[in-house]
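What follows is a set of notes on a single structure, which appears directly below.
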Ligand code: AMP
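Numbering (my numbering), first residue to last: 1 to 282.
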């Protein structure tokens, strides 16, 4: 197992092992790895000659200092999990200094409006931070394929848009959401939940599934009212938003169109931990 903490060491190693035909798969993560992350790595291992996994808690994508500070950092355990999966994975775990070289700031990105919806509206600057770090990482790793989870569906669309607009030579692949047995989407932030809260948080996916079923007969407005009402009755939850949006543009669904694909997107706090999830509606 190779672990690189400096971008110069990783690039030197890649230069040594790669020919123009070598396929590099890349899985960017912020660590505190779970089965969701590992499923992305499995997909990469299947389809590439080498897989690089980055573990980097990117400060510029956090709009809340407390969230950044409390973000779980478990590098040793993460490396164990990766080794169990495959000893051939190259781990890149750089410092903030190595990635940002004393200028820990994000670059502004234009994602044709995808950035103004949902997570973008509620987490100002978040997607500039995401674009900044993903672009930097793509330049270092130069992957053939990069794997992102549908758990962060808006991020996946944003990364695809960035790749298209900057004409980056990488294929971006979306991978399905991995869930706990109670339906809760796996997330590094779940580590901050008590066992009781984790059990209660099953309500999120249960409500998304009910919303999906209602969406076959009801309008978006009615389904949104149903979800808002469900969470109003549960004082342990604070719903930040539930939106039904067009998968391609992420614009809210005003009137259903048969030719569009819709998704329900949710952000909800439980015990001060912010969780997001989404579900395909048709
Ligand atoms: P993160 O470490 O949270 O930045 O996530 C790294 C990558 O793993 C992102 O592409 C996420 O969308 C993906 N991911 C996180 N949770 C899950 C999950 N439950 N299922 C599938 N992919 C996930």
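Cβ atoms here follow ideal geometry from the backbone N, Cα and C, with glycine treated the same way.
Inset, instruction - Indicate whether the contact test is met: 3 or more Cβ pairs, each with one atom in the region 148-158 and one in the region 76-91, closer than 8 Å. - result: Here the region 148-158 makes no contact with the region 76-91; the two share fewer than three CB pairs at distances below 8 Å.
Legend entry - Any non-hydrogen atom of ligand 1 closer than 7 Å to residue 280 Cβ: No, since every heavy atom of ligand 1 falls outside the 7 Å radius drawn around the Cβ of residue 280.
Inset, instruction - Give every residue of the same chain whose Cβ lies closer than 6 Å to the Cβ of residue 144, excluding the five residues on either side of it in the sequence, and list them in chain order. - result: Correct list, in chain order: 23 and 24.
Inset, instruction - With a threshold of 16 other CB atoms inside 10 Å of the CB of residue 89, please say whether the residue is buried or exposed. - result: Counting the other CB atoms within 10 Å of its CB gives residue 89 a total of 16 or more, which places it among the buried residues.
Inset, instruction - Give the single residue among 214, 14 and 174 whose Cα lies nearest to the Cα of residue 342. - result: Since the first residue shown for the chain is 1 and the last is 282, residue 342 is missing from the structure and cannot be characterised.
Legend entry - Classification of residue 222 by the beta-carbon crowding that lies within 10 angstroms, buried from 16 upward: Around the Cβ of residue 222, a 10 Å sphere holds fewer than 16 other Cβ atoms; the residue is exposed.
Inset, instruction - Apply the 10 Å Cβ neighbour rule to residue 161 and answer buried if 16 or more other Cβ atoms are within range, or exposed otherwise. - result: Buried, because 16 or more other Cβ atoms sit within 10 Å of the Cβ of residue 161.
Legend entry - Where residue 59 falls: helix, strand or coil (DSSP): In the structure shown, residue 59 adopts helical secondary structure according to DSSP, grouped into three states.
Legend entry - Spatial neighbours of residue 10 in its chain, beta-carbon cut-off 6 Å, leaving aside the 5 residues before and after: For residue 10, where only same-chain residues beyond five positions count, the Cβ hits under 6 Å are 4 and 92.
Inset, instruction - Report the three-state DSSP secondary structure of residue 89 (helix, strand or coil). - result: Assigned with DSSP and collapsed to three states, residue 89 falls in coil, not helix or strand.
Legend entry - residue 187 classed as buried or exposed, judged by whether at least 16 other C-beta atoms fall within 10 angstroms: Burial check for residue 187: the Cβ neighbour count within 10 Å reaches 16 or more, so the residue is buried.
Legend entry - Residues near residue 246 by beta carbon distance below 6 Å, same chain, minus five either side: Taking C-beta separations shorter than 6 Å and ignoring five residues to either side along the sequence, the partners of residue 246 in its chain run 260, following chain order.
Inset, instruction - Under the assumption that residue 198 contacts residue 190 (Cβ atoms under 8 Å), give the Cβ distance between them as a whole number of angstroms. - result: With 8 Å as the limit, residue 198 and residue 190 qualify as a contact, their Cβ atoms being about 6 Å apart.
Inset, instruction - Please state whether DSSP places residue 229 in a helix, a strand or coil. - result: The three-state reading of DSSP puts residue 229 in helix, counting H, G and I together.
Inset, instruction - Thinking residue 6 and residue 78 are a contact (beta carbons under 8 Å), I'd like their distance in whole angstroms, please. - result: So it is not a contact: roughly 18 Å between Cβ atoms.
Legend entry - Beta-bridge pairing of residue 117 - partner residues as DSSP gives them: Looking at the DSSP assignment, residue 117 forms no beta bridge with any residue, so it has no partner.
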